[in-house]
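The structure under discussion appears below in the form of structure tokens.
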């Protein structure tokens with residue numbers, strides 16, 4: 001079928017729906033919901049047989065939904081309505097939730113129901129839940145709805161609150177008055193719920209050192225305690241720890257409240273934002289090994305199971321700043337020195353990596369210099385993985401990866417990917433040539449012609465297609481926990497394989513042959529030469545594109561590479 005996706009943003013869920021529909025042979029185009037006229041023009045241009053809205057914050061014009069079938073993806077169970085569905089689910093400690101695909105009508109979220117898929121709600125932040133359990137359920141519901149529509153025999157179910165399976169309700173926008181933390185009364189569990197219900201947007205408005213900030217992200221702390229609830233007790237790798245009435249929580253990021261008429265503000269590491277106020281606050285480090293045994297916040301964790309080492313890293317939004325890359329490099333070198341034969345890299349769930357940290361770069365005094373230092377720190381990390389010759393490395397992608405973060409994964413000997421992951425192997429949309437040794441690793445995996453296509457077309461790639469073209473080696477289904485268990489089993493099998501010694505010998509030989517043909521240093525030098533121009537040459541688009549991305553400037557039009565119909569990849 002010809003399907004048009006209309007979405008507020010080409011975000012992770014929209015990309016996932018895009019790749020899944022294309023994988024099933026549908027022709028798919030995308031239109032960002034920038035205005036009514038743009039939506040009408042897209043409908044006239046594409047003439048879709050079906051319109052699907054994976055993520056939408058404004059209404060589709062009546063002249064579209066009254067003449068075409070328009071399916072809306074709502075992140076709530078049957079009967080749930082309103083703009084803060086997931087926020088309320090987390091706030092009220094819902095143990096089960098759902099995603100409903102319903103037909104667009106005059107009244108928001110009140111149309112006939114085409115599909116609904118329910119899921120258990122883990123204790124996670126809203127953004128992680130959205131990219132995980134919600135996205136999985138949404139794709140299942142969309143595919144079911146599309147199948148039912150294509151079959152032509154299904155009659156969608158009218159919304160009827162008298163039905164026993166319609167348990168949702170109309171809920172208002174969750175405002176800051178309800179989100180606000182009472183540090184003198186709220187226990188740790190309550191504070192965490194409020195933080196997690198707003199971790200990506202809008203954050204929780206609060207006051208620190210006489211200034212107003214939005215707090216983003218919330219993680220428990222098992223040891224630190226303080227006499228005054230709300231007080232900042234410690235810092236760690238850019239995060240701050242604040243006391244509660246019965247414990248403490250870690251808050252990784254802050255966003256200053258925008259002043260009337262002032263510039264748009266954006267999220268940054270909390271300790272960076274409060275640098276002038278934290279002189280007397282101690283830094284309390286934790287090693288990756290310690291973090292793996294504790295219930296505390298850390299971006300890095302390391303543990304071993306027999307001959308397999310697991311180095312887990314998890315960064316907000318998947319972004320890796322200069323210092324984060326350097327800390328991960330130190331942790332990687334320590335893990336590589338351990339007497340294991342297989343080393344698995346990646347978070348237990350959510351993002352693998354999205355590459356350099358655009359927010360930190362935007363917030364720095366010298367963005368070009370910070371960009372340069374960040375990309376060199378990424379390159380140092382990738383080089384360390386590429387030159388590890390005494391063990392096999394595995395990149396385990398439980399979630400999405402993009403740009404330099406995906407190239408970081410390609411440095412490993414094997415890339416294993418959860419079937420739900422979406423990969424973006426390109427830098428073009430940020431006006432960058434790219435580094436992380438991609439000119440060495442990507443063509444070696446997919447061939448020069450495919451590498452050129454992937455980096456210039458700038459389209460998301462689903463896991464199944466990535467496996468077919470060799471971008472990844474293996475894929476596995478299930479949720480994040482099932483993928484983690486599968487990864488552990490397969491890594492143990494790899495470590496115990498009688499072919500392991502031979503593979504290590506072959507690995508050393510291939511690396512030596514490649515080095516003789518063209519040294520790694522040559523790939524790096526040429527990539528960085530091009531990147532230096534992106535960062536420092538007058539007229540380059542990178543700085544403006546980064547600024548618009550970080551400050552969420554509305555695009556003037558849907559990117560051209562998304563507007564045309566795209567069939568099977």
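Numbering (the working numbering), first residue to last: 1 to 569. All C-beta atoms in this analysis are idealised placements derived from N, C-alpha and C, irrespective of residue type, glycine included.
What are the boundary residues of the alpha helix (DSSP H) that includes residue i?
| i | result |
| --- | --- |
| residue 488 | 480 to 495 |
| residue 288 | 288 to 292 |
| residue 561 | 560 to 563 |
| residue 224 | That residue, residue 224, is in no alpha helix (DSSP H); it is neither H nor E in DSSP. |
| residue 192 | 188 to 196 |
| residue 566 | Careful: residue 566 lies outside any alpha helix (DSSP H) and carries neither H nor E. |
Between which two residues does the beta strand (DSSP E) holding residue i run?
| i | result |
| --- | --- |
| residue 168 | Segment: none, residue 168 is in no beta strand (DSSP E) and carries neither H nor E. |
| residue 206 | 204 to 208 |
| residue 74 | 70 to 74 |
| residue 236 | 232 to 236 |
| residue 424 | 422 to 424 |
| residue 181 | Neither: residue 181 is in no beta strand (DSSP E) and is coded neither H nor E. |
| residue 255 | 253 to 256 |
| residue 98 | 96 to 103 |
| residue 31 | 27 to 32 |
| residue 21 | Taken as a continuous stretch (DSSP letters only), residue 21 belongs to no beta strand (DSSP E), being part of the alpha helix (DSSP H) at 12 to 23. |
| residue 396 | 392 to 397 |
| residue 212 | 211 to 216 |
| residue 471 | Residue 471 -> no beta strand (DSSP E), and no H or E assigned at all. |
| residue 5 | 2 to 7 |
May I ask you to report which of helix, strand or coil DSSP gives residue i?
| i | result |
| --- | --- |
| residue 320 | strand |
| residue 301 | strand |
| residue 438 | helix |
| residue 412 | coil |
| residue 50 | strand |
| residue 543 | helix |
| residue 535 | helix |
| residue 306 | coil |
| residue 461 | strand |
| residue 56 | coil |
| residue 510 | helix |
| residue 453 | helix |
For residue i, tell me which candidate among the options has the shortest Cα-Cα distance.
| i | options | result |
| --- | --- | --- |
| residue 235 | 249, 339, 227 | 249 |
| residue 11 | 459, 525, 500, 547 | 459 |
| residue 317 | 347, 326, 531 | 347 |
| residue 275 | 375, 294, 293, 240 | 240 |
| residue 181 | 162, 150, 153, 213 | 213 |
| residue 115 | 107, 126, 125, 102 | 102 |
| residue 288 | 279, 281, 300, 310 | 300 |
| residue 73 | 283, 296, 130, 216 | 130 |
| residue 121 | 111, 95, 112, 423 | 95 |
| residue 204 | 188, 176, 221, 222 | 176 |
| residue 600 | 104, 127, 70 | Not covered by the structure: residue 600. The range shown for the chain is 1 to 569. |
| residue 338 | 372, 365, 388, 297 | 388 |
| residue 445 | 156, 432, 333, 411 | 411 |
Leaving out five residues before and five after residue i in sequence, what residues of the same chain have Cβ atoms less than 8 Å from its Cβ?
| i | result |
| --- | --- |
| residue 57 | 8, 33, 83 |
| residue 418 | 397, 398, 399, 463, 475, 476, 477, 478, 480, 483 |
| residue 39 | 6, 31, 33, 60, 61, 64 |
| residue 117 | 98, 99, 137, 138, 140, 141, 144 |
| residue 278 | 232, 235, 240, 271 |
| residue 457 | 426, 561 |
Tell me which residues share the same chain as residue i and place their Cβ nearer than 6 Å to its Cβ, disregarding the 5 neighbours each side in the sequence.
| i | result |
| --- | --- |
| residue 68 | 51 |
| residue 523 | 437, 439, 440 |
| residue 80 | 168 |
Closer than 7 Å by C-beta to residue i: which residues in its own chain qualify, once you throw out the five before and the five after it? Chain order, please.
| i | result |
| --- | --- |
| residue 588 | With the chain represented from 1 up to 569, any question about residue 588 goes unanswered, as that position is not in the structure. |
| residue 605 | What is shown of the chain runs 1 to 569, which leaves residue 605 out entirely. |
| residue 359 | 266, 267, 268, 319, 550 |
| residue 46 | 2, 4, 29, 565 |
| residue 281 | 232, 234, 235 |
| residue 361 | 367, 370, 371, 374, 546 |
Please decide whether residue i counts as near chain C, where near means a Cβ-Cβ distance under 9 Å.
| i | result |
| --- | --- |
| residue 114 | Given the protein chain composition of this structure (a single chain), no chain C is represented. |
**Request:** Only counting runs of 3 or more residues, tell me where the beta strand (DSSP E) segments fall wholly within the region 239 to 285, in order along the chain.
**Result:** 239 to 243, 248 to 251, 253 to 256
**Item:** Contained beta strand (DSSP E) runs [length at least 3] in the region 313 to 377, N- to C-terminal order
**Value:** 342 to 345
**Message:** What ranges does the beta strand (DSSP E) occupy inside the region 104 to 177, keeping only unbroken runs of at least 3 residues that lie completely in it?
**Reply:** 113 to 120
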